[in-house]
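Notes follow once the structure below has been shown.
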Amino acid sequence: MKNSISYRFSTAPDASRFLAEIKSGTVPGCQAKRGKDDHSIVVQYTLKTNSDFDSTAQTLDDLAEKEGGAEDFS
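FYI, UniProt numbering numbers position 57 of the sequence shown as 57, with every residue one higher than the one before it.
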């Protein structure tokens, strides 16, 4: 099953760093692209069905927080 998470950053450079980090393969199996504007990034990945817990969302949240961003619930 595919999952999609949107992240919002206070500056465009912060968003760009997060995008570059995801595209470099830091979080395996994730694909990222710009969102509605240059301050938002949308990440898609396939949920792991062969395990009890998929830590991908937490890993992405931690990485976004490191770059000054957070999940965008709007």
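Just so you know, even glycine gets a beta-carbon here, dropped at the ideal spot from N, CA and C.
- Apart from sequence neighbours up to five positions away, the residues of its chain that approach residue 38 with a beta-carbon distance below 6 Å are 12, ordered along the chain.
- Within the model, the alpha-carbon separation for residue 3 versus residue 14 is close to 23 Å.
- The three-state secondary structure of residue 73, taken from DSSP, is coil.
- Rounded to the nearest angstrom, the gap between the Cα atoms of residue 58 and residue 36 is 23 Å.
- As computed with DSSP, residue 2 is found in a beta bridge with 46.
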